[in-house]
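Take 632 as the starting number for the first sequence in my numbering and just add one per residue.
Where is the CB? At the ideal position from N, CA and C, for every residue including glycine.
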Amino acid sequence: MGSENDAKGDAKTKQKGTTLKRLSDRKSSASGGDVMKNSLKSAKSKEKKSSAGSSKKVKTPEVESLEPVSSSSDLVKSEPLDQDFTAKKKGLKRKRVKEEPAEEAAQLAVSSTLPVQRRKRHLSGEEEDEGEAEKRKAQKKREKKTVKKEEGEHPVSKRAKKTREEIEEARRLKIKKKEEEEQNRWRWWEEEKYEDGVKWKFLEHKGPYFPPEYQPLPDSVNFFYKGEKVKLSPAAEEVAVFFAQMLDHEYTTKKVFRENFFKDWRKEMTPDERSLIKDLEKCDFSEIHAMHKAKVEARKNLSKEEKRALKEANQKIVDEYGYCLLDHHRERIGNFKIEPPGLFRGRGEHPKQGMLKKRIQPEDVIINCGKDSSTPLPPAGHRWKEVRHDNTVTWLASWTENIQGSIKYIMLNANSKLKGEKDWEKYEVARKLKSCVESIRNEYLQDLRSRQMVTRQRAVALYFIDKLALRAGNEKEEGETADTVGCCSLRVEHITLHEQLDGNECVVEFDFLGKDSIRYYNKVPVIKKVFKNLKLFMENKEPGDELFDRLNTALLNKHLSSLMPGLTAKVFRTYNASITLQQQLKELTNKSDNVAEKLLSYNRANRAVAILCNHQRAAPKTFEQSMANLQAKIDARKEQLALAKTELKQAKKEAKSKGDPKLQSLVERKKAAVKRCEEQLLKMEVQATDREENKQIALGTSKLNYLDPRISVAWCKNMDVPIEKIYNKTQREKFAWAIDMTEADFEF
DNA sequence: TTAAACACTTAGCACTCCTACT
DNA sequence: AGTAGGAGTGCTAAGTGTTTAA
632 MGSENDAKGD AKTKQKGTTL KRLSDRKSSA SGGDVMKNSL KSAKSKEKKS SAGSSKKVKT
692 PEVESLEPVS SSSDLVKSEP LDQDFTAKKK GLKRKRVKEE PAEEAAQLAV SSTLPVQRRK
752 RHLSGEEEDE GEAEKRKAQK KREKKTVKKE EGEHPVSKRA KKTREEIEEA RRLKIKKKEE
812 EEQNRWRWWE EEKYEDGVKW KFLEHKGPYF PPEYQPLPDS VNFFYKGEKV KLSPAAEEVA
872 VFFAQMLDHE YTTKKVFREN FFKDWRKEMT PDERSLIKDL EKCDFSEIHA MHKAKVEARK
932 NLSKEEKRAL KEANQKIVDE YGYCLLDHHR ERIGNFKIEP PGLFRGRGEH PKQGMLKKRI
992 QPEDVIINCG KDSSTPLPPA GHRWKEVRHD NTVTWLASWT ENIQGSIKYI MLNANSKLKG
1052 EKDWEKYEVA RKLKSCVESI RNEYLQDLRS RQMVTRQRAV ALYFIDKLAL RAGNEKEEGE
1112 TADTVGCCSL RVEHITLHEQ LDGNECVVEF DFLGKDSIRY YNKVPVIKKV FKNLKLFMEN
1172 KEPGDELFDR LNTALLNKHL SSLMPGLTAK VFRTYNASIT LQQQLKELTN KSDNVAEKLL
1232 SYNRANRAVA ILCNHQRAAP KTFEQSMANL QAKIDARKEQ LALAKTELKQ AKKEAKSKGD
1292 PKLQSLVERK KAAVKRCEEQ LLKMEVQATD REENKQIALG TSKLNYLDPR ISVAWCKNMD
1352 VPIEKIYNKT QREKFAWAID MTEADFEF
């Protein structure tokens, strides 16, 4: 067990090296010729795709027809398996011989691994009917709330002069409030789960919040066409304002964006407007643009009082629409606002950028709530599209969006039971994978020499998904979205094979756009068998052809779920992310370190995961500046240190020659000064490295979505690091279940 | 069997808010 | 008190994977 982990760890660290390099590659390429090469490459691929792509798909012939049977065993002999996995080979063979027995499958079922429900703080006896208990809890909560409110008003009334006692009092209150919050928290993880498919029993809410209606432009602000003032109809004017507001953005200069916008804008025009306005180039939005800028500026310059009023008004909306009642608990809604209309801006080269995202009316919205709850009222003069009572889903409202035709949902906040339970389950599945990952790895390594082409392709894909944490790569409709890929949808043009590269053999160079059009660039040494298979898959194919032409995500996932219930491609990402964190934390932190050092280690472990998952971000706009500022500070501190050192020397000299005890204490003080200076310098330098390493890496995504929070909680307990140091308030709320249940000895 | 519909998680960006500094 | 810049938050697009319908 340990050895396997170590081996895997080695692979990861190696990889970390290459990925770090990868980021710098990316940096340098941004200004150099690489970008050119890439855009050329992708342009070429599009050409290919449109000409040959959909009509004739090149399929890799069956293995049997290519290779005599003997040669496949030949390959086995000549190629040792990846070191990572060889050790386990024997054990696996035995395991694989026996058909997967039903009981083993049952053991693997998720529910069985969720810790037995504890009832530490259950209000009263077990025999009490659940509904009764709920009611009582709710009642208690209400009582508490009123108390809190009365207390809360107290300090506000006597705010004029803050005495020490009052400050102290406020502090106590804050602590009390925190404790109370903790007490009030719905400890759903201590309750029984509902029967299959049922997500709730009671659900009541106020419906979504609609954005304000469009306010027509004042007469002083005009739109011009060919230099002539034109008064637009409200509908056309609203869309014109959307465009005018974006004029500072680069994408309003893009051809696709402009064309899509103009086409959709014309649809909103009256026939007269349509016959007049035929060329976007001749449109002048400058007055509208100026007005918008002035508005933004004005908002910034509001007085404190006005800002407070605005904030209060917002809070009122949140209080009214931002919560729902789910099984007698008040739960926060994640996105209770209907998305306002505007111009669609997808990520990357999106073919639909610039299109009009229409205003959603209550008539477009489906409401979902409990049968026995009060139905939310539609805005005056409107009605809902439908009201349904489906307790097998978690959404409160939904509508169909007009750009892609997909459904948008209003759902609960991440700290809710519904989301939390799902999250917990996700990590349990990933932990389950830990127990059988070895045999799965062994199996796909065997499959690399299968006679069936599908199986080989599946094996190689799985190898990538496991080793590189690639996403599954569902197929997408061409022309509907930006051209991005994942593992199964990789095309020949996305990889380059190198027999030799930088002293490594069998290197695969990946270069493609993944989710959100984020570039994935990596050079990875792979085992020979994978390399040979890739060569085979690429034979007689055009750059725009699919690499895994016989494979898709459905096929892959079907196979995976037969290996372990609940196993899909994305579980590997979760598993590898979490196991990497755990192992990196073990490796990097020492109990004797101080808190700052421990946190740096935590960040580094987190960063290793972010790199693995390719979680990137645009370098902050102010990055160079703030880095330079920090460097200046460091330089200043260095000078100070040098000065302090010379002063110390001087003092020492004098103390030695004169032997005055006063001078001796001066020496001590100077010594302390030097030490302090050194410490501060070190701290800043560490900060600088941390920031530099983080320049293009986003830690948040993995922290929020891939790292089992129990690993972090256990680490905090072991290392005596307060949980607040690694999770902010929101994160603590989201991971309340983990913070509450995890002991120091937790192992992922 | 395939495609579309559906439900839900994951993702980066832009804004706002807060805090540590001057 | 004012400000820079980092942390936190809201937003919504873009994925994954299951279910339903044709």
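**OP:** Using the Cα positions of SER864 and MET900, report the straight-line distance between them to the nearest angstrom.
**Re:** The residue you call residue 864 lines up with position 233 of the first sequence. The residue you call residue 900 lines up with position 269 of the first sequence. Those two C-alpha atoms are separated by around 7 angstroms.
**OP:** Taking only the alpha-carbon atoms, compute the straight-line gap between THR1127 and VAL1139 and give it to the nearest angstrom.
**Re:** Sequence index remark: in the first sequence, residue 1127 carries index 496 (1-based). Sequence index remark: in the first sequence, residue 1139 carries index 508 (1-based). C-alpha separation (whole angstroms): 6 angstroms.
**OP:** Compute the beta-carbon to beta-carbon distance between PHE855 and ASP915, rounded to the nearest angstrom, for a pair I have assumed lies under 8 angstroms.
**Re:** As a position in the first sequence, residue 855 is number 224, starting the count at 1. As a position in the first sequence, residue 915 is number 284, starting the count at 1. Contact flag correct, Cβ pair sits at about 4 angstroms.
Original post:
Applying the criterion that 16 or more other CB atoms from any shown protein chain within 10 Å of the CB defines a buried residue, is ARG1307 buried or exposed?
Top reply: Sequence index remark: in the first sequence, residue 1307 carries index 676 (1-based). By the 10 Å Cβ count, ARG1307 comes out exposed.
Subject >> Alpha-carbon to alpha-carbon, GLN1215 and GLN1077 >> reply: Counting from 1 along the first sequence, the entry for residue 1077 is found at position 446. Counting from 1 along the first sequence, the entry for residue 1215 is found at position 584. Whole-angstrom Cα-Cα distance: 29 angstroms.
Original post:
How should ILE948 be labelled, buried or exposed, when 16 other C-beta atoms within 10 angstroms of its C-beta is the threshold for buried?
Top reply: Mapped onto the first sequence, residue 948 falls at position 317. With fewer than 16 other Cβ atoms within 10 Å, it is exposed.
Subject >> Within 7 angstroms, strictly: CB atoms of ALA1113 and HIS981 >> reply: Mapped onto the first sequence, residue 1113 falls at position 482. Mapped onto the first sequence, residue 981 falls at position 350. Cβ atoms of ALA1113 and HIS981: closer than 7 angstroms.
Subject >> Distance, THR1361 Cα to ASN1336 Cα >> reply: Your numbering for residue 1336 matches position 705 in the first sequence. Your numbering for residue 1361 matches position 730 in the first sequence. So the two alpha carbons sit approximately 14 angstroms from each other.
Subject >> Three-state class that DSSP yields for ARG1087 in the structure shown >> reply: To locate residue 1087, count along the first sequence from 1; it is residue 456. Residue state, collapsed to three classes: helix.
Original post:
How should TYR1058 be labelled, buried or exposed, when 16 other C-beta atoms within 10 angstroms of its C-beta is the threshold for buried?
Top reply: If you number the first sequence from 1, residue 1058 lands on position 427. When all chains shown are included, TYR1058 counts as buried.
Original post:
When you compare each of GLN1271, VAL1091, TYR952 and LYS1293 to PRO1010 by their alpha carbons, which one comes out closest?
Top reply: Locating residue 1010 in the first sequence gives position 379, where the first residue counts as 1. The option with the nearest alpha carbon to PRO1010 is TYR952.
Original post:
From LYS807 to ASN815, what distance separates their C-alpha atoms?
Top reply: Looking up residue 807 in the first sequence gives position 176. Looking up residue 815 in the first sequence gives position 184. Approximately 12 angstroms, taken between the alpha carbons.
Original post:
Would the beta-carbon of MET1084 fall within 7 angstroms of that of THR691?
Top reply: Within the first sequence, residue 1084 is the residue found at index 453, counting from 1. Within the first sequence, residue 691 is the residue found at index 60, counting from 1. Yes, the Cβ-Cβ distance between MET1084 and THR691 is below 7 angstroms.
**OP:** Using alpha carbons as the reference points, say which of LYS1276, ALA1286 and LEU1313 lies closest to LYS1301.
**Re:** Numbered from its first residue, the first sequence carries residue 1301 at position 670. The residue with the shortest Cα to Cα distance from LYS1301 is LYS1276.
Original post:
How would you write the range of the alpha helix (DSSP H) that THR1361 sits in, first residue to last?
Top reply: Counted from its first residue, the first sequence places residue 1361 at position 730. First-last of the alpha helix (DSSP H) with THR1361: 1360 to 1365.
**OP:** Taking ILE1034 as the reference, give the member of ASP850, SER917, PHE975 and GLU1374 with the closest Cα.
**Re:** Taking the first sequence and counting its residues from 1, the one referred to as residue 1034 is at position 403. Measuring from the Cα of ILE1034, the nearest candidate turns out to be PHE975.
Original post:
Between ASN999, MET922, GLU1278 and HIS1013, which lies nearest to VAL852 when the distance is taken from Cα to Cα?
Top reply: Within the first sequence, numbered from 1, the residue matching residue 852 stands at position 221. Closest by alpha carbon: MET922.
Subject >> Per-residue burial, HIS880 [other beta carbons within 10 Å of its own, 16 or more giving buried] >> reply: The residue labelled residue 880 in the question sits at position 249 within the first sequence. HIS880 comes out exposed.
Original post:
Is LEU1178 closer than 7 angstroms to VAL1240 when the C-beta atoms are compared?
Top reply: The residue labelled residue 1240 in the question sits at position 609 within the first sequence. The residue labelled residue 1178 in the question sits at position 547 within the first sequence. Cβ atoms of VAL1240 and LEU1178: not closer than 7 angstroms.
Subject >> C-beta contact flag for LEU1330 and LEU1212 at 7 angstroms >> reply: The residue labelled residue 1330 in the question sits at position 699 within the first sequence. The residue labelled residue 1212 in the question sits at position 581 within the first sequence. Not in contact: LEU1330 and LEU1212 (Cβ atoms no closer than 7 angstroms).
**OP:** Could you name the residues that DSSP lists as bridge partners for SER1029?
**Re:** To locate residue 1029, count along the first sequence from 1; it is residue 398. Note: SER1029 sits in a beta bridge opposite ILE997 and TYR1040.
**OP:** Please report how far the alpha carbon of ASP1291 lies from the alpha carbon of THR1373, in whole angstroms.
**Re:** In the first sequence, counting from the first residue as 1, residue 1291 sits at position 660. In the first sequence, counting from the first residue as 1, residue 1373 sits at position 742. For ASP1291 and THR1373, the distance between alpha carbons rounds to 59 angstroms.
Subject >> Contacting residues, own chain, Cβ-Cβ under 7 angstroms from VAL1202 (five flanking each side not counted) >> reply: Indexing the first sequence from 1 puts residue 1202 at position 571. VAL1060, ALA1061 and LEU1064, listed in sequence order.
Subject >> Proximal residues to LYS1348 (C-beta, below 8 angstroms), its chain only, five neighbours per side dropped >> reply: Numbered from its first residue, the first sequence carries residue 1348 at position 717. Closer than 8 angstroms at the Cβ level, and outside the excluded window around LYS1348, lie THR1373, GLU1374 and ALA1375.
Subject >> Range of the contiguous alpha helix (DSSP H) that encloses LEU1049 >> reply: Indexing the first sequence from 1 puts residue 1049 at position 418. Per DSSP, LEU1049 belongs to the alpha helix (DSSP H) from 1048 to 1078.
Subject >> Residue from TRP896, PHE1377, LYS1159 and ASP1133 with nearest C-alpha to LYS988 >> reply: Position 357 of the first sequence holds residue 988. That would be TRP896, whose Cα lies nearest to the Cα of LYS988.
**OP:** In the DSSP assignment, find the unbroken alpha helix (DSSP H) run with LYS1217 in it and report its ends.
**Re:** Counted from its first residue, the first sequence places residue 1217 at position 586. 1200 to 1219 is the span of the alpha helix (DSSP H), which, as asked, contains LYS1217.
Original post:
In or out: ASP1021 buried (at least 16 other Cβ within 10 Å) or exposed?
Top reply: What you label residue 1021 is simply residue 390 of the first sequence in a count that begins at 1. Label assigned to ASP1021: exposed.
Subject >> DSSP three-state assignment for LYS1301, whether helix, strand or coil >> reply: Counting from 1 along the first sequence, the entry for residue 1301 is found at position 670. Helix, per DSSP.
**OP:** Output yes or no for whether 7 angstroms exceeds the beta carbon distance between CYS1119 and THR1184.
**Re:** Stepping through the first sequence from its first residue, residue 1119 is reached at position 488. Stepping through the first sequence from its first residue, residue 1184 is reached at position 553. Yes, these two residues count as a Cβ contact at 7 angstroms.
**OP:** List the residues that DSSP assigns as beta-bridge partners of ASN1135.
**Re:** Against the first sequence, residue 1135 aligns to sequence position 504. LEU1132.
Original post:
Looking at the unbroken beta strand (DSSP E) that takes in LYS1154, where does it start and where does it end?
Top reply: Within the first sequence, residue 1154 is the residue found at index 523, counting from 1. Looking at the DSSP string, the run of the beta strand (DSSP E) that includes LYS1154 is 1150 to 1156.
Subject >> Nonlocal neighbours in the same chain, by C-beta distance under 6 angstroms from SER1148, ignoring five residues either side >> reply: For this step, residue 1148 is matched to residue 517 along the first sequence. The residues are ARG978, GLY979, ALA1113 and THR1115.
**OP:** Quick one: residues in its chain with C-beta nearer than 8 angstroms to the C-beta of LYS860, no 5 flanking neighbours on either side, listed in chain order?
**Re:** Position 229 of the first sequence, counting from 1, holds the residue named residue 860. ASN853 and PHE854.
**OP:** Could you please give me the residues that DSSP links to TYR1337 through a beta bridge?
**Re:** Here residue 1337 corresponds to residue number 706 of the first sequence, with the count starting at 1. DSSP output for TYR1337 lists no bridge partner at all.
**OP:** Go ahead and label ARG971 buried or exposed: buried means 16 or more other beta carbons lie within 10 angstroms of its beta carbon, across all protein chains shown.
**Re:** Indexing the first sequence from 1 puts residue 971 at position 340. A quick correction: the sequence has Pro, not Arg, at residue 971. By the neighbour-count rule (16 or more Cβ atoms within 10 Å), PRO971 is not buried but exposed.
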